[in-house]
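Here the structure comes first, spelled out in structure tokens, and everything after it is commentary.
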Amino acid sequence: MTENDVRRNAFAMPLHNPAFPPGPYRFVDREFLIITYRTDPEALKKIIPAPLQFVEPIVKFEFIKMPDSTGFGHYCESGQVIPVTLDGVAGGYVHSMYLNDHPPIAGGRELWGFPKKLGNPELQVHTDTLMGTLDYSDFRVATGTMGYKHKTLDNDTIKKSLETPAFLLKIIPHVDGTPRICELVQYSLTDITVKGAWSGPGALDLHPHALAPIADLPVLEVISAVHILSDLTLPLGKVAYDYLAK
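Under the numbering used here, think of the first position of the sequence shown as 39, with each following residue one higher.
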């Protein structure tokens, strides 16, 4: 194999059999439970990286089931998204993500900078309740519940919310342990079809864990609970801010 062969074929590791295929990535019947809650503003300010700007003490806790995704298969994901702005553009800062499938963990971290760790989230209907759970190292760290389809929401409004930009802090170290890449990445979901959206009474219970510190952003008040079924595409992103640029 020549140097040119390496350069031509280099996409992801391992070179001869990458952990994930090239994107963009299409998701069919992607299902969300999003519980929006009020939290401690001082706790939020400590974890939002500049130049992202604090908006209000709000967190969106997401449980997502993805039964049909390009190259990634069938998996579930859970995590926290914080409303922020960057140069006046409103979006969501993805603070934490836990999922149960290696290709989207590797691809998410290496391509965009998603803060993904291995966990065991689930999203299921239990009789009259939509329930999302997140376990980390065999310990229950989050439980979200919502009354199943109590009120139908407007699909166009939900589509606009899903199109909101998201921001990620991508960090990849050099071989000596110093940062090789340290940047804010911005992306927006595309080709969105909302198949249904509903609201209902919601509740969220978070538990402290040393390696899954989601409870560091405590639940002071649940504001809303939304259930969404959709098809969408996750495209590649762009660099919105480079911390290492001179």
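A virtual CB, placed ideally from N, CA and C, is assigned to each residue, including glycine.
Identity of the residue in the options nearest residue i by Cα
i, options, result
"M169", "D176, T183, R178, L270", "T183"
"P87", "L124, L244, V277, H245", "L124"
"H164", "V179, G185, L255", "G185"
"H245", "K276, A180, K84", "A180"
"D192", "G151, V264, D214", "V264"
"H112", "G234, V66, L242, P256", "V66"
"D173", "D243, V260, K233, E94", "D243"
Beta carbon of residue i nearer than 7 Å to that of residue j
i, j, result
"W236", "T190", "yes"
"V119", "V132", "yes"
"G130", "P121", "yes"
"S107", "P159", "no"
"G109", "V223", "no"
"I196", "I266", "yes"
Own chain, CB closer than 6 Å to residue i, minus 5 neighbours either side, in chain order
i, result
"I210", "R218, I219"
"F92", "K83, I86"
Cut-off 7 Å between Cβ atoms - residues of its own chain near residue i, not counting five sequence neighbours on either side
i, result
"S262", "T74, S237, G240"
"D280", "E221"
"G275", "W150, V223, Q224, Y225"
8 Å contact criterion, which residue i and residue j should meet: CB distance rounded
i, j, result
"L258", "R46", "Between R46 and L258 the Cβ distance is about 53 Å, and since that is not below 8 Å, they are no contact."
"T216", "R64", "Actually they do not touch by this definition, with Cβ atoms about 37 Å apart."
Q. Would the region 192-201 and the region 219-231 be scored as touching if the rule is three or more Cβ pairs under 8 Å?
A. yes
(Q) Contact between the region 47-66 and the region 140-149 is defined here as three or more beta-carbon pairs at a separation below 8 Å; is this criterion met? (A) yes
(Q) Tell me whether the region 89-102 and the region 66-73 touch, counting them as touching only if at least three CB pairs, one residue from each stretch, are closer than 8 Å. (A) Because the criterion of three Cβ pairs below 8 Å is met, the region 89-102 and the region 66-73 touch.
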